[in-house]
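Asks: Chains as they are written, first to last, in our numbering: chain A, 233 to 500; chain B, 233 to 500.
Take this structure, written in structure tokens, and hold onto it; I'll ask about it next.
This is how it looks when you write it as structure tokens:
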């Protein structure tokens, strides 16, 4: 008996995809978190995480999947329940670290309650891609050099718990993903003055950080990424095979084909 | 006889500062480059770089200083003079590398002509800062941790010829400088949704890349940087002592004091 599945819904299309694939799962969200999900079975303030855990236990939940970004919603310590007060020092430490630190804490908290934490890619294996070309033309030699440069940057940053994505165009580094995420980076790249950039082109490389726990904060691309890449004038997207989520896969690939943008999965 | 000094003027306040300090210098600019300089003695298309070198020789120029960004102005190979045609393969290689590659080529070209290339900081030593606090309050322990994290990121990226600046706020990496420069990065940071960032605060760390040739592309901060840092909600700026240019030093420091933003120079 592994227990009922709960989907903890944050932003993006992932919660809805999981909810559709697992109609028996409990769908829960938190206050001040923008969650897009077809049904909401429960809704909690983050400050009452202890009550939330009690409720999951009462409902027979034994497995949770963290789906979509919850960002860093404001927390009011005055409203903390006893569990959150006890968690305070660990939470403070995690909030001062990178995303991984917060993710590791969330997983630890569930595991300490005897709740198994699953990755979205484990519940929906078709979410990721096997190595190969998914859309568009094969990357050119010029693309290849840009892919290598972007990958080198991500590998250099990985031990510092930062950098899931980078944009390189004709050798120029135009974007390194930070807290604000891929879409914000692509908008930044799109705003690059032509005098700094020369011709268009270039690639976005997306991969998890080395040692990143894919059960939380798994890199993802979707139709919006294609739109952002198109506006940023990129030739294509390169993703880590089996370790980057494809949101709305069919629409994603159609959008890439329509925009003339390649998607290539490889063992980065 | 070291020869006459020529100031090659690009954008920013540096060309004007050099022109004021060296009233006998020849001030030259290139077509399609936005140069802010009080006088222009000569103006060339970049495609006629050979003619430009001949003219410098005819005017007795023995030293040049590259002042301010010239970006990557469009080049029309159909208009190349013989010198540029010969330079073509090296230029193509440099344009595909990082900024340093282009800088190294420009310096090499001048040196091969027997022209000495100086750094702006050599002509105006008061442009940089000795270690210590220049404005505002001493960095806090929280700032100290952010400074260390930003510095680690810049050191990790340095071998890849990218990253003169990074913004870290309460442990979160909010900006890593790319081709678009510091001001663009600060605007990007200022646009960070509050839900991702939590409270304001944080620091900008600016330092040259390791092994960077300071005769070209020297990092700089100025009053605009303070304005950008203020809009980005930062607590302060940390710069590498003696290796970052202070543009309009007095106004820069007044602006920082007025905005409550510290400027701290240290041996990063």
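Quick reminder that beta carbons are idealized off the backbone N, C-alpha and C, glycines included.
1) Does residue 250 of chain A have its Cβ less than 8 Å from a Cβ in chain B?
2) Report yes or no: is there a C-beta of chain A within less than 8 Å of the C-beta of residue 382 of chain B?
3) Residues of the stretch 380-413 of chain B with a CB closer than 7 Å to any CB of chain A: list them in chain order, please.
4) When you compare the CB of residue 324 of chain B with every CB in chain A, is at least one pair closer than 8 Å?
5) Exposed or buried, which one is residue 376 of chain A when buried takes at least 16 other CB atoms within 10 Å?
6) Starting from the beta carbon of residue 281 of chain A, find every residue of chain B whose beta carbon is closer than 8 Å, and list them in chain order.
7) Among B/446, B/494, B/470, B/327, which one has its Cα closest to the Cα of residue 300 of chain B?
8) Within 8 Å, do at least three Cβ pairs link the stretch 339-356 of chain A to the stretch 285-298 of chain A?
9) Once the 5 residues before and after residue 392 of chain A are set aside, which same chain residues still bring their CB inside 6 Å of it?
10) If the criterion is Cβ atoms closer than 8 Å, does the pair residue 369 of chain A and residue 494 of chain A meet it?
11) In chain order, what residues of the same chain have a beta carbon less than 6 Å from the beta carbon of residue 261 of chain A, not counting five sequence neighbours either side?
12) Using a Cβ-Cβ cutoff of less than 7 Å, which residues in the same chain neighbour residue 409 of chain A once the five nearest sequence positions on both sides are dropped?
13) Got a sec, what are the start and stop residues for the beta strand (DSSP E) residue 431 of chain B sits in?
14) Please list, in chain order, the chain B residues whose beta carbon lies closer than 7 Å to that of residue 420 of chain A.
15) Please list the partners that residue 443 of chain A has in chain B, where partner means a Cβ-to-Cβ separation under 8 Å.
16) Could you work out which residues of chain B lie near residue 430 of chain A, taking near to mean beta carbons separated by less than 8 Å?
17) Can you grab the Cα-Cα spacing for the pair residue 474 of chain A / residue 448 of chain A, in whole Å?
18) To the nearest angstrom, how far is it from the Cα of residue 428 of chain B to the Cα of residue 247 of chain A?
19) Taking residue 360 of chain B as the query, report the chain A residues whose CB atoms sit under 7 Å from its CB, ordered along the chain.
20) Any idea which residues DSSP pairs residue 353 of chain B with across the strands?
21) Check the Cβ of residue 457 of chain B against every Cβ in chain A and list those closer than 8 Å, keeping chain order.
22) Less than 8 Å between C-beta atoms, sequence neighbours within five positions excluded: which residues of the same chain meet that for residue 253 of chain A?
23) Could you give the DSSP three-state label for residue 408 of chain B: helix, strand or coil?
24) On a Cα-Cα basis, can you pick out the residue from A/270, A/255, A/251, A/278 that is closest to residue 264 of chain A?
25) Can you tell me whether DSSP reads residue 268 of chain A as helix, strand or coil?
26) State the Cα-Cα distance for the pair residue 481 of chain A and residue 360 of chain B, rounded to the nearest angstrom.
27) What first and last residue would you give for the beta strand (DSSP E) that runs through residue 436 of chain A?
28) Determine, using beta carbons only, whether residue 485 of chain B and residue 437 of chain B come nearer to each other than 8 Å.
29) Excluding sequence positions up to five away, which residues of its chain have a Cβ less than 6 Å from the Cβ of residue 479 of chain A?
30) Using a Cβ-Cβ cutoff of less than 6 Å, which residues in the same chain neighbour residue 381 of chain B once the five nearest sequence positions on both sides are dropped?
31) On the three-state DSSP scale, how would you describe residue 399 of chain A?
32) Go through its chain and collect everything with a Cβ distance to residue 456 of chain B's Cβ below 7 Å, but skip five positions before and after it.
33) Distance check for residue 405 of chain B and residue 198 of chain B, CA to CA, integer angstroms please.
34) Would you say residue 212 of chain A lies against chain B (beta-carbon separation less than 8 Å)?
Replies: Taking the geometry as given:
1) The sequence position of residue 250 of chain A within the first chain is 18, counting from 1. Using a CB distance cut-off of 8 Å, residue 250 of chain A does not count as an interface residue toward chain B.
2) Stepping through the second chain from its first residue, residue 382 of chain B is reached at position 150. No - not a single Cβ of chain A is within 8 Å of the one on residue 382 of chain B.
3) Hits within the stretch, in order: 384, 385, 388, 389, 392, 394, 402, 403, 404, 405, 406, 407, 408, 410, 411, 412.
4) Reading the second chain from its first residue, position 92 is the one you call residue 324 of chain B. Contacts with chain A at 8 Å (Cβ-Cβ) do not include residue 324 of chain B.
5) What you label residue 376 of chain A is simply residue 144 of the first chain in a count that begins at 1. Result: exposed.
6) Position 49 of the first chain, counted from the start, is the residue given in the question as residue 281 of chain A. What residue 281 of chain A touches in chain B: nothing, since even the nearest Cβ is about 17 Å away.
7) By one-based count along the second chain, residue 300 of chain B stands at place 68. If you compare the alpha carbons of B/446, B/494, B/470, B/327 with that of residue 300 of chain B, the shortest gap goes to B/446.
8) The answer is yes - the stretch 339-356 of chain A touches the stretch 285-298 of chain A, with three or more Cβ pairs under 8 Å.
9) The residue given as residue 392 of chain A occupies position 160 in the first chain. Excluding positions up to five away in sequence, the list is empty.
10) For this step, residue 369 of chain A is matched to residue 137 along the first chain. For this step, residue 494 of chain A is matched to residue 262 along the first chain. The answer is yes: Cβ separation under 8 Å.
11) For the purposes of this step, residue 261 of chain A is identified with residue 29 of the first chain, where counting begins at 1. So the list reads 241, 267, 272, 275, once near-sequence residues are dropped.
12) Position 177 of the first chain, counting from 1, holds the residue named residue 409 of chain A. Sequence-distant partners of residue 409 of chain A (beyond 5 residues in either direction) whose C-beta falls short of 7 Å from its own C-beta, in its chain, are 395, 396, 397, 398, 417.
13) Taking the first residue of the second chain as 1, we reach residue 431 of chain B at position 199. No beta strand (DSSP E) holds residue 431 of chain B; DSSP gives it neither H nor E.
14) To locate residue 420 of chain A, count along the first chain from 1; it is residue 188. Residues of chain B passing the Cβ test: 420.
15) Against the first chain, residue 443 of chain A aligns to sequence position 211. Within 8 Å Cβ-Cβ: nothing; residue 443 of chain A doesn't reach chain B, min ~15 Å.
16) Numbered from its first residue, the first chain carries residue 430 of chain A at position 198. The contacting residues are 304, 306, 327.
17) Your numbering for residue 474 of chain A matches position 242 in the first chain. Your numbering for residue 448 of chain A matches position 216 in the first chain. Approximately 15 Å between the Cα atoms of the pair.
18) Numbered from its first residue, the second chain carries residue 428 of chain B at position 196. Numbered from its first residue, the first chain carries residue 247 of chain A at position 15. Rounded to the nearest angstrom, the two C-alpha atoms are 19 Å apart.
19) Reading the second chain from its first residue, position 128 is the one you call residue 360 of chain B. Here the premise fails: no neighbours, minimum Cβ distance about 25 Å.
20) Residue mapping note: residue 353 of chain B aligns to position 121 of the second chain, counting from 1. None, per the DSSP bridge assignment.
21) On the second chain, residue 457 of chain B is found 225 positions in, with the first residue counted as 1. Close partners of residue 457 of chain B in chain A (Cβ separation under 8 Å) are lacking, with about 18 Å as the shortest Cβ gap.
22) By one-based count along the first chain, residue 253 of chain A stands at place 21. The beta carbon of residue 253 of chain A sits closer than 8 Å to those of 355, 356, all from its chain and outside the five residues before and after it, given in chain order.
23) As a working note, residue 408 of chain B is residue 176 in the second chain. Strand at residue 408 of chain B.
24) Within the first chain, the letter at position 32 stands for residue 264 of chain A. Answer by Cα proximity: A/278.
25) As a position in the first chain, residue 268 of chain A is number 36, starting the count at 1. Three-state result, residue 268 of chain A: coil.
26) Position 249 of the first chain, counted from the start, is the residue given in the question as residue 481 of chain A. Position 128 of the second chain, counted from the start, is the residue given in the question as residue 360 of chain B. The C-alpha of residue 481 of chain A lies about 53 Å from the C-alpha of residue 360 of chain B.
27) Counted from its first residue, the first chain places residue 436 of chain A at position 204. In the DSSP assignment, residue 436 of chain A falls within the unbroken beta strand (DSSP E) covering 435-438.
28) Stepping through the second chain from its first residue, residue 485 of chain B is reached at position 253. Stepping through the second chain from its first residue, residue 437 of chain B is reached at position 205. With respect to the 8 Å criterion, residue 485 of chain B and residue 437 of chain B are not classified as neighbours on the basis of their beta carbons.
29) Within the first chain, numbered from 1, the residue matching residue 479 of chain A stands at position 247. The answer, listed in chain order, is 245, 452, 454.
30) For the purposes of this step, residue 381 of chain B is taken as the residue at position 149 of the second chain. Result list for residue 381 of chain B: 400, in chain order.
31) Here residue 399 of chain A refers to the residue found at position 167 of the first chain. Of the three classes helix, strand and coil, the one that applies to residue 399 of chain A here is strand, per DSSP.
32) Here residue 456 of chain B is taken as the residue at index 224 of the second chain, counted from 1. Contacts found: 415.
33) Because chain B is modelled from 233 through 500, residue 198 of chain B falls outside the range shown and cannot be assessed.
34) Because chain A is modelled from 233 through 500, residue 212 of chain A falls outside the range shown and cannot be assessed.
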